[in-house]
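All remarks here apply to the structure that follows.
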Amino acid sequence: MAIDTEMQTSPSDSTITRIVNNIKKSESDSWNYRGLELSNEMLVVLISHPNIDKAAAALDVTIGSLADPKNVPGIAHFLEHMLFMGSSKYQGENEYSKLVEGNGGYSNAFTCGDHTNYYFDINPSLLPEALDVFAQFFIAPLFAASSTDRELEAVNSEFEGNLSKDAWRLSQLEKSTSDPDHPYSGFSIGNTETLRVTPKQCGIDIREVLLDFHKAEYSSNRMSLAVLGNQSLDELQSLVVKIFKDVPNKKLKKPQYDCDPYGEINRKTICYIVPVKEYRHLAIHWVIPDHKDIYYCNPESYLSHLIGHEGDGSILSYLKKLGLAIELVSGERNSAPGFNFFTVDVELTIEGLNRWEQVIYIIYQYIAMLRKDEPKEWIFDECKNFNSMNFQFREKERPDDFVSNLTGRMRDYPLVECLSGEYEMREFRPDLIKELLNEYLIPSRMRVFLASKEFTSIATEKEKWFGTQYKKEYLPEELIEKCEKCELIPELHLHSPNEFIPTDFHLLSSEKTLLRPELPTKIKVTYEIQV
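If you're matching positions, the sequence shown starts at 146 in this note's numbering and goes up one per residue.
Okay, structure coming up:
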């Protein structure tokens with residue numbers, strides 16, 4: 146069970162339904178925090194410190210490109226662009242950018258699968274004015290018709306700027322070769338083809354689609370706000386409540402997506418991909434359950450800690466000895482409500498590319514070794530202590546990045562753990578670890594992506610949106626069977642416990658050790674200098 150440790154204060158203001166005054170922070174963090182839930186169900190975190198160079202704010206909406214209508218891909222991203230084109234109160238479409246950029250600030254936004262995030266920073270003295278302009282985009286946006294064509298070009302320009310980037314090309318290929326009936330397979334960025342040409346051919350008014358999407362998907366009960374300023378928490382609270390209380394609450398449900406974005410037909414497949422850059426990359430993907438509701442167990446972290454380990458007995462150590470790889474990274478990614486992924490990414494040598502099936506087999510040999518024994522609590526404790534250390538000494542981010550990242554995870558954890566939630570590991574659940582090993586990270590559920598320019602001659606297919614050359618086929622059944630019946634080898638084994646992970650971060654304070662340290666004692670004279 147989750148531990149409910151929120152200290153709730155009964156607010157006197159009817160526009161606030163909950164106040165959280167004990168947000169967990171690291172001992173080295175000198176900033177002050179307060180959590181709020183407004184009567185319109187918007188979640189808010191206030192951050193105060195008298196000595197900051199920049200004030201900042203961000204608002205995250207838990208809806209993104211996964212909610213795009215199938216016939217108009219990219220509409221969530223287009224809405225992100227159009228939202229800033231004026232409001233009923235501030236009708237000039239450049240008022241926001243002029244205010245922010247004219248006062249030492251910066252603003253931006255981004256759309257991902259299940260979130261859209263808006264943020265800015267500014268000179269601290271201008272925070273109240275900037276917040277008022279910012280809030281109006283979520284209260285009464287104009288979506289000015291005169292801006293439609295120009296912002297469509299801006300979206301298309303963003304798309305064209307990513308055409309030669311392998312990260313975007315490979316990501317879209319993975320989506321485009323997924324289950325076509327799952328929203329994950331969609332084209333998230335959008336371009337002039339999806340947002341102008343095709344809608345016009347079908348008699349669709351793109352601005353009406355935009356307005357309908359906003360009406361159906363944007364609501365204060367899906368929004369999270371973070372504000373950093375040099376005002377006191379009470380002053381920030383008064384300011385935020387006054388400005389954001391009128392964001393409309395449509396009582397929308399939390400989005401939930403089907404648990405299997407790949408589909409059975411796409412498992413046990415390999416895509417040979419031709420990248421833009423010269424490199425050799427192997428990726429294995431598995432769909433796994435969404436464990437956000439039990440984040441404090443974090444079985445994925447346990448497995449990524451082991452599979453991604455680089456010490457003696459690890460996959461990478463063995464691959465390097467064989468001359469097959471130079472880097473390996475593993476972990477969960479692209480989580481959305483309802484599904485998640487676990488991936489292993491390997492940077493191969495030339496020899497590793499030629500022997501890619503052996504690399505996959507070695508990975509499964511290690512997984513088979515983990516499956517053979519019960520999960521170890523001391524390994525869980527290692528992960529827990531690493532996370533605790535990283536939380537205690539995490540570096541300060543740029544103010545705009547900090548509030549943007551914070552709002553993106555505020556609805557994933559209790560408000561009291563909005564800072565610490567992604568580091569929390571407090572309940573060892575061997576059953577969840579075994580479930581991942583036995584039912585999900587298995588050969589019959591994997592997808593493989595292998596990228597190298599050497600596949601140019603066989604890559605006869607072309608991805609629709611980015612034009613990536615590839616060839617998709619089923620993996621050899623012999624490889625699947627071999628990986629299902631792995632032989633264990635002594636070269637692959639658990640690492641030794643790390644005895645040097647600190648767990649006590651308190652400074653010594655005794656008079657003897659801090660105020661009057663003893664002088665060193667001479668033990669031995671080896672030689673004397675004659676003067």
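For every residue, glycine included, the Cβ atom is placed at its ideal position computed from N, Cα and C.
Computed from a predicted model, the values in this text were never measured in an experiment.
Let me check one thing: in DSSP terms, what residues is Ile192 bridge-paired to? As a first step, residue 192 must be located in the sequence shown, where it is residue number 47. Looking at the DSSP assignment, Ile192 forms a beta bridge with Tyr178, Leu373.
Is Ile415 helix, strand or coil when you go by DSSP? Mapped onto the sequence shown, residue 415 falls at position 270. Strand.
Does DSSP put Met230 in a helix, a strand or coil? Here residue 230 is taken as the residue at index 85 of the sequence shown, counted from 1. Reduced to three states, the DSSP call for Met230 is coil.
Give me whichever residues DSSP pairs with Phe255 in a beta bridge. Translated into positions along the sequence shown, residue 255 becomes position 110. BP columns for Phe255 point to Asn262.
Can you check which of these residues, Ser480, Ser533, Thr160, is closest to Leu188 by C-alpha distance? Along the sequence shown, one-based indexing puts residue 188 at 43. The option with the nearest alpha carbon to Leu188 is Thr160.
Based on Cα-Cα distance, which residue from Val392, Gly483, Asp174 lies nearest to Glu677? The first residue shown for the chain is 146 and the last is 676, placing residue 677 beyond what the model contains.
Beta strand (DSSP E) segments (min. 3 residues) lying fully within the region 271-332: none
Mark Thr552 as exposed unless 16 or more other C-beta atoms lie within 10 angstroms of its C-beta, in which case mark it buried. The residue labelled residue 552 in the question sits at position 407 within the sequence shown. With 16 or more Cβ atoms within 10 Å of its Cβ, Thr552 is classed as buried.
At which residue ranges does the region 570-618 contain complete beta strand (DSSP E) runs of 3 or more residues, listed in the order of the chain? 592-596
Pull up the distance between the alpha-carbon of Ser462 and that of Lys521, whole angstroms please. Working through the sequence shown from its first residue, we reach residue 462 at position 317. Working through the sequence shown from its first residue, we reach residue 521 at position 376. About 21 angstroms.
Compute the Euclidean distance between the alpha carbons of Ser589 and Glu629, then round it to the nearest angstrom. In the sequence shown, residue 589 corresponds to position 444, counting from 1. In the sequence shown, residue 629 corresponds to position 484, counting from 1. Computed Cα separation, rounded: 8 angstroms.
Indicate the three-state DSSP secondary structure (helix, strand or coil) for Leu381 in the structure shown. Walking along the sequence shown from the start, residue 381 turns up at place 236. DSSP places Leu381 in helix when its eight states are reduced to three.
Take Asp311 as the anchor and find which of Leu582, Glu540, Val421, Ile164 has the nearest alpha-carbon. Here residue 311 is taken as the residue at index 166 of the sequence shown, counted from 1. For Asp311, the nearest C-alpha among the options comes from Val421.
Member of Lys579, Lys667, Ser480, Asn239 whose CA lies at the smallest distance from the CA of Lys437: Position 292 of the sequence shown, counted from the first residue, corresponds to residue 437. Per the Cα distances, Ser480.
For Phe557, collect the residues of the same chain with a Cβ closer than 6 angstroms to its Cβ; drop the 5 residues on either side in sequence, then sort them by chain order. As a position in the sequence shown, residue 557 is number 412, starting the count at 1. The question names Phe, but residue 557 in the sequence shown is Asp. Answer for Asp557: Lys437, listed in chain order.
Mind checking which residues open and close the beta strand (DSSP E) that includes Ala212? By 1-based counting over the sequence shown, the position of residue 212 is 67. Where Ala212 is concerned, there is no enclosing beta strand (DSSP E), given that its DSSP letter is neither H nor E.
Pick helix, strand or coil for Thr160, following the three-state DSSP scheme. Taking the first residue of the sequence shown as 1, we reach residue 160 at position 15. Three-state result, Thr160: coil.
By the DSSP assignment, the alpha helix (DSSP H) with Asp490 in it spans what residues? Reading the sequence shown from its first residue, position 345 is the one you call residue 490. First-last for Asp490: 484-493, but that is the beta strand (DSSP E), not the alpha helix (DSSP H).
Write down the C-beta distance between Ile192 and Gly180 rounded to the nearest angstrom, noting that I regard them as a contact closer than 8 angstroms. Within the sequence shown, residue 192 is the residue found at index 47, counting from 1. Within the sequence shown, residue 180 is the residue found at index 35, counting from 1. So it is not a contact: roughly 10 angstroms between Cβ atoms.
Could you tell me which of Asp259, Cys257, Ile388, Ala275 sits nearest to Gly249, measuring between CA atoms? The residue given as residue 249 occupies position 104 in the sequence shown. Per the Cα distances, Ala275.
If you scan the region 471-557 from start to end, which runs of the beta strand (DSSP E) of 3 or more residues do you find wholly inside it? 484-493
Apart from the five residues on each side of it in sequence, which residues of its chain come closer than 6 angstroms, Cβ to Cβ, to Leu271? As a first step, residue 271 must be located in the sequence shown, where it is residue number 126. Excluding positions up to five away in sequence, the list reads Asn248.
Starting from Val245, trace the alpha helix (DSSP H) both ways and give me its first and last residue. Reading the sequence shown from its first residue, position 100 is the one you call residue 245. From DSSP, the alpha helix (DSSP H) with Val245 extends over 240-246.
Which of the three DSSP states is assigned to Asp149 in this structure? Here the question's residue 149 lines up with position 4 in the sequence shown. Unreliable positioning characterises Asp149 in this predicted model, as indicated by a pLDDT of 43, which lies under 50. The coordinate reading is nonetheless provided below. Residue state, collapsed to three classes: coil.
Between the Cα of Gln614 and those of Leu624, Cys631, Leu595, Asp205, spot the shortest distance and give me the residue it belongs to. Taking the first residue of the sequence shown as 1, we reach residue 614 at position 469. When only C-alpha atoms are compared, the closest one is Leu595.
Kindly indicate the opening and closing residues of the beta strand (DSSP E) around Leu564. Counting from one through the sequence shown, the residue named residue 564 turns up at place 419. No beta strand (DSSP E) contains Leu564, which DSSP labels as neither H nor E.
By Cβ distance, which residues of its chain are closer than 8 angstroms to Ser242, with the 5 residues on each side in sequence left out? If you number the sequence shown from 1, residue 242 lands on position 97. Excluding sequence neighbours, Ser242 sits near Phe229, Ser252.
Given a cut-off of 8 angstroms, decide if Tyr417 and Ala285 are closer than it, judged by their beta-carbon atoms. As a first step, residue 285 is located in the sequence shown; it is residue number 140 there, counting from the start. As a first step, residue 417 is located in the sequence shown; it is residue number 272 there, counting from the start. Going by C-beta atoms, Ala285 is not nearer than 8 angstroms to Tyr417.
Distance between beta carbons of Pro444 and Arg574, contact taken as under 8 angstroms: Translated into positions along the sequence shown, residue 574 becomes position 429. Translated into positions along the sequence shown, residue 444 becomes position 299. Contact holds; Cβ gap of about 6 angstroms.
Buried or exposed, going by whether 16 or more other CB atoms sit within 10 Å of the CB of Cys404? Taking the sequence shown and counting its residues from 1, one reaches residue 404 at position 259. Answer is exposed; the Cβ neighbour count stays below 16.
For His426, report the span of its beta strand (DSSP E) as first-last. As a first step, residue 426 must be located in the sequence shown, where it is residue number 281. Taken as a continuous stretch (DSSP letters only), the beta strand (DSSP E) holding His426 covers 426-433.
Quick one, are the C-beta atoms of Ser330 and Gln281 less than 8 angstroms apart? Numbered from 1 along the sequence shown, position 185 holds the residue referred to as residue 330. Numbered from 1 along the sequence shown, position 136 holds the residue referred to as residue 281. Result no, Cβ atoms of Ser330 and Gln281 do not sit closer than 8 angstroms.
Considering only DSSP beta bridges, list what Ile204 is partnered with. Residue numbering aside, residue 204 sits at position 59 when the sequence shown is read from its first letter. The question names Ile, but residue 204 in the sequence shown is Leu. Leu204 pairs with Tyr263, Leu370.
Reducing DSSP to helix, strand and coil, say where Leu183 ends up. Taking the sequence shown and counting its residues from 1, the one referred to as residue 183 is at position 38. In the structure shown, Leu183 sits in a strand (DSSP, three-state: E or B).
Taking the alpha-carbon of Val419 as reference, which of Ile634, Lys360, Ser597 has the nearest alpha-carbon? On the sequence shown, residue 419 is found 274 positions in, with the first residue counted as 1. Of the candidates Ile634, Lys360, Ser597, the one whose C-alpha sits nearest the C-alpha of Val419 is Ser597.
For Val354, does the three-state DSSP call read helix, strand or coil? Here residue 354 corresponds to residue number 209 of the sequence shown, with the count starting at 1. In this structure, Val354 counts as helix in the three-state DSSP scheme.
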